[in-house]
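*Asks:* Have a look at this one before I ask anything.
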Amino acid sequence: VKEATMIWDRRDFVRTSSLALVGSAVGHLPLLAQDATPRFEELRRNVGAFHMRGGTIGWLISDNALVVVDSQYPDTADACLNGLKMRSSRMIDVLVNTHHHGDHTGGNKVLRAATREIVAHANVPGLQRRQAAQRGTESDQAYPDTTFDEHWQMDTGDEVVSAKYYGSAHTSGDVVVTFERANITHLGDLLFNRRDPFVDRPGGASIRGWIELLPQVIDDHERDTLYIFGHAGEGFPVTGNADDLVVQQRYFESVLEHVERGISAGRSQEQIVSIEQVPGMNEHRSTPQSVARVLNVAFEELSAEQ
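The working numbering applies: residue -9 is where the sequence shown begins, and numbers increase by one.
If you want it as structure tokens, here you go:
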């Protein structure tokens, strides 16, 4: 690797946390709205999104470059690759992985033969290998060729593609990928639009880090930047603006506030997580299980700080 610059038993709520960790990133996918058929969506200035199943794929198709962000699963990556071949005769110049989860890297091996270089944050190879070992999927992986600690950039001639690491949030390896001239930014799973997010604590996640990261991303981009999200709740889009990042920030602030109040009041973990909606987040497509999963992680994070 190169280096570059409903009524639920309360015990069920607590069990949700450990089950989610065992299932890792895949555990949240059945709750998310998914497209049954492949769909290429043009956004602006040769940049767009591919929708099918798993984390949203971003793409740049121009005469000078073919860039892909994330790879979903093997079958959906194959559908995406077929669509790319219909739109360009180029090899994929760069595949950027926003993080290591299988719904974002599962198609890497399918795209590998058609890709010159795979790029990700320096923490991704280790996290991806550990995840593959846990699942017995080592032979299905294709790992990054190039990694970076803080910043990576590629000038294609008519576009500048950059990636930046802000610190631990959804995992310890999430990066924000920006198509600078198109003014489009792919957030990966740093944004779950109106859906309870997956917080991968074993993968180095930090809810406090997530809260601190989002306003930094807003400050680093234009007010009219178009953002691509990893996932969205049913009925909500996987693209949006800075206001959606503010909603995500407020969501996590509400999560921590709820858990902190519960701990201060002497309530048990089971009592704290036994709610059906994160306070104030009525737009979110939630279930008691998805809320409990997030609150359990918040409880563990806050308890570890004490």
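Don't be surprised by glycine CBs; every beta carbon is placed ideally from N, CA and C. Computed from a predicted model, the values in this text were never measured in an experiment.
(1) Within its chain, find whatever has a CB closer than 6 Å to the CB of residue 148; leave out the 5 residues flanking it on each side and keep chain order.
(2) Have a look at residue 244 and residue 99 and give me their C-alpha separation to the nearest angstrom.
(3) Can you tell me the Cβ-Cβ gap for residue 112 and residue 159, rounded? I've got them flagged as a contact below 8 Å.
(4) For the beta strand (DSSP E) that contains residue 176, what are its first and last residues?
(5) Measuring CB atoms only, is the stretch 227 to 236 touching the stretch 138 to 154, in the sense that at least three cross pairs come out at less than 8 Å?
(6) Alpha carbon to alpha carbon, how far is residue 285 from residue 296?
(7) Residue 269 and residue 248 - do their beta-carbons sit closer together than 8 Å?
(8) Following the continuous alpha helix (DSSP H) through residue 92, name the residue where it begins and the one where it ends.
(9) What is the DSSP secondary structure of residue 39, counted as helix, strand or coil?
(10) Which class does residue 230 belong to by DSSP, given the choice of helix, strand or coil?
(11) In three-state DSSP terms, what is residue 194?
(12) Measuring straight from C-alpha to C-alpha, what distance separates residue 144 and residue 274?
(13) Suppose the cutoff is 8 Å on Cβ atoms and the five residues either side in sequence are ignored; what does the same chain contact list for residue 146 look like?
(14) Should residue 101 and residue 71 be called a contact, given that it needs their Cβ atoms to be closer than 8 Å?
(15) Would you say residue 178 and residue 60 are within 8 Å of each other, going by their C-beta atoms?
(16) Return the bridge partner residues of residue 183 from the DSSP annotation.
(17) Check this for me: beta carbons of residue 69 and residue 28, under 8 Å apart or not?
(18) Quick one: complete alpha helix (DSSP H) runs, 4+ long, within the stretch 38 to 118?
(19) Give me the DSSP bridge partner(s) of residue 275.
(20) Starting from residue 267, follow the alpha helix (DSSP H) in both directions and report where the run begins and ends.
(21) Taking the C-alpha atoms as reference points, what is the distance between residue 31 and residue 287?
(22) Quickly, what does DSSP pair residue 166 with across the bridge? List them, please.
(23) Identify the continuous beta strand (DSSP E) that holds residue 149 and give its terminal residues.
(24) Taking residue 96 and residue 62 to be in contact with their CB atoms under 8 Å, please state how far apart those CB atoms are, rounded to whole angstroms.
(25) Residues bridged to residue 34 by DSSP?
(26) Using a threshold of 8 Å, state whether the C-beta atoms of residue 167 and residue 176 are closer than that.
(27) Comparing alpha-carbon positions, which option in 214, 87, 198 and 185 lies nearest residue 224?
(28) Using a beta-carbon distance below 8 Å, is residue 155 in contact with chain B?
*Replies:* Judging by the given coordinates:
(1) Hits under 6 Å: 52 and 54.
(2) 39 Å
(3) Actually they do not touch by this definition, with Cβ atoms about 16 Å apart.
(4) 174 to 176
(5) Fewer than three Cβ pairs drawn from the stretch 227 to 236 and the stretch 138 to 154 lie within less than 8 Å of each other, which leaves the two stretches out of contact.
(6) 17 Å
(7) A contact, by the Cβ cut-off of 8 Å.
(8) 92 to 95
(9) strand
(10) Strand at residue 230.
(11) The answer is coil: DSSP assigns residue 194 none of H, G, I, E or B.
(12) 36 Å
(13) 50, 52, 54, 55, 57 and 83
(14) yes
(15) Taking 8 Å as the cut-off, the beta carbon of residue 178 is found closer than this to the beta carbon of residue 60.
(16) Beta-bridge pairing by DSSP links residue 183 to 222.
(17) For residue 69 and residue 28, yes; Cβs fall inside 8 Å.
(18) 64 to 77, 92 to 95 and 98 to 102
(19) Looking at the DSSP assignment, residue 275 forms a beta bridge with 185.
(20) If you look at residue 267, you'll find it isn't in any alpha helix (DSSP H); DSSP assigns it neither H nor E.
(21) 34 Å
(22) Paired residues: 154.
(23) Per DSSP, residue 149 belongs to no beta strand (DSSP E) and is neither H nor E.
(24) 6 Å
(25) 37
(26) yes
(27) That would be 185, whose Cα lies nearest to the Cα of residue 224.
(28) Going by chain labels, chain B is absent from the structure shown, which holds only one protein chain.
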